[in-house]
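Under my numbering, the first residue of the sequence shown is numbered 1, with each subsequent residue one higher.
Where is the CB? At the ideal position from N, CA and C, for every residue including glycine.
See structure below.
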Amino acid sequence: APHPEPEPGSSLAHRCRRRSSAMPDAPFPPFCAFLAALGMLCLAMVGTWCQRWRGGFSLDGSSRTFNWHPVLMVAGLVVLYGAGEHGRRGALPPPLPPHSSFPSPKSLTAALVYRIPGTWSGPKLPWKVLHGSLALAAFVLTVLGLAAVFRFHNSQGTPNMYSLHSWMGLATVLLFSCQWAAGFGAFLLPWAPAWLRALYKPIHVFFGSTILMLSVASCVSGINEKLFFSLKNGTTAYKFLPAEAVFANTLGLLILIFGVLVVAALARPSWKRPDSDSPDSRQVRHAPGG
Numbered sequence: 001a002p003h004p005e006p007e008p009g010s011s012l013a014h015r016c017r018r019r020s021s022a023m024p025d026a027p028f029p030p031f032c033a034f035l036a037a038l039g040m041l042c043l044a045m046v047g048t049w050c051q052r053w054r055g056g057f058s059l060d061g062s063s064r065t066f067n068w069h070p071v072l073m074v075a076g077l078v079v080l081y082g083a084g085e086h087g088r089r090g091a092l093p094p095p096l097p098p099h100s101s102f103p104s105p106k107s108l109t110a111a112l113v114y115r116i117p118g119t120w121s122g123p124k125l126p127w128k129v130l131h132g133s134l135a136l137a138a139f140v141l142t143v144l145g146l147a148a149v150f151r152f153h154n155s156q157g158t159p160n161m162y163s164l165h166s167w168m169g170l171a172t173v174l175l176f177s178c179q180w181a182a183g184f185g186a187f188l189l190p191w192a193p194a195w196l197r198a199l200y201k202p203i204h205v206f207f208g209s210t211i212l213m214l215s216v217a218s219c220v221s222g223i224n225e226k227l228f229f230s231l232k233n234g235t236t237a238y239k240f241l242p243a244e245a246v247f248a249n250t251l252g253l254l255i256l257i258f259g260v261l262v263v264a265a266l267a268r269p270s271w272k273r274p275d276s277d278s279p280d281s282r283q284v285r286h287a288p289g290g
């Protein structure tokens, strides 16, 4: 009897899956090193901007107190929060050879802690604690950054919370605090039921990426707002692109690139840690040297 012909759609999908599985996977360690270097570059540039063009730092309520705001926000809401972001679900690449080399976890941004295949075979709890600790540290830096800008505004008699940048930034911080509290209750407290964790996990992952992109948008809009406020009377106007404007605009672009790369890493299936009860996870645990 003649064999039935496969449906065109299913055949095409099968060929696409075979082709995608045969494609070489992007190397993880160089990407991670590049991302870490980019985050450090953003921190160095925002510090240089405030020190060279904005007068440095102090705690006296002057404009130098305000300068702590962009530094702490970039450090907390972007670099450290991006380092703490992660996703736990996804596919798994083939088993690793016994002596596969990966960077030490201490040299990695924790955004990719769950992407280190060497950590997939062990317990999740230490990495959950690391992720939660980094997020908490990011939140502390963010609160200090907010305190700096409120202190400056109050000492100068400037109204608070009137610009789109301030609304978006405060909304991001409030979402961040809710995300951390909900994640702590669902994933770190031992009495949280498994069904609650399974229900909340995709929500946690979605809002993790969302908050990161809101953080990037808040920082970029804040840089732009600061340039408009500062480059006017007695200085070269913003529209003529003085050196400070070029430097700060470049900083904004680098922050945007950092955020996009973190989200791209979170979305890459082959870099996600599999669920502990999935066949792929069991495959890693029984792989040679795993």
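Backbone secondary structure at residue i - three-state DSSP
i: ARG268; result: coil
i: TYR162; result: coil
i: GLY47; result: helix
i: ASN233; result: coil
i: ARG54; result: coil
i: SER177; result: helix
i: ASN291; result: For the chain, the structure presents residues 1 to 290; residue 291 sits outside this window and is missing.
i: PRO297; result: The displayed coordinates of the chain run from 1 to 290. Any statement about residue 297 would go beyond what the structure contains.
i: ALA83; result: helix
i: SER62; result: coil
i: TRP191; result: coil
i: THR70; result: According to the sequence provided, residue 70 is Pro. The question's Thr does not apply to it. Three-state result, PRO70: helix.
i: LEU241; result: coil
i: PRO27; result: coil
i: ARG285; result: Its pLDDT being 44, under 50, ARG285 is placed unreliably in this model, and the coordinates cannot settle the point.
Buried or exposed (CB count within 10 angstroms, at least 16 for buried), residue i
i: TRP68; result: buried
i: PRO159; result: exposed
i: SER218; result: buried
i: ALA243; result: exposed
i: PRO193; result: exposed
i: LYS239; result: exposed
i: ALA198; result: exposed
i: PHE34; result: exposed
i: LEU92; result: Low confidence applies to LEU92: its pLDDT is 38, below 50, so where it sits in the model is not reliable enough to give any reading.
i: VAL260; result: exposed
i: PRO94; result: Any reading at PRO94 needs caution, since the residue's pLDDT is 39, under 50, leaving its predicted position unreliable; the model's value is listed next. Looking at its Cβ environment, which holds fewer than 16 other Cβ atoms inside 10 Å, PRO94 is exposed.
i: LEU125; result: exposed
i: LYS272; result: buried
C-beta contact flag for residue i and residue j at 9 Å
i: PHE206; j: LYS128; result: no
i: LEU256; j: ALA245; result: no
i: GLY76; j: GLY39; result: no
i: LEU136; j: TRP180; result: yes
i: LEU214; j: ALA171; result: yes
i: LEU144; j: GLY169; result: no
i: TRP53; j: LEU251; result: no
i: ALA182; j: TYR200; result: yes
i: VAL74; j: CYS32; result: no
i: VAL46; j: PRO70; result: yes
i: ALA148; j: PHE229; result: no
i: GLY208; j: LEU266; result: yes
i: HIS131; j: GLU225; result: no
i: LEU80; j: ALA44; result: no
i: VAL216; j: VAL78; result: yes
is_contact[residue i, chain B] using C-beta, thresh 9 Å
i: PRO126; result: Going by chain labels, chain B is absent from the structure shown, which holds only one protein chain.
Review point. Quick one: any contact between the segment 151-167 and the segment 59-67, if contact means 3 or more CB pairs under 8 Å?
Key: They touch, by the three-pair rule.
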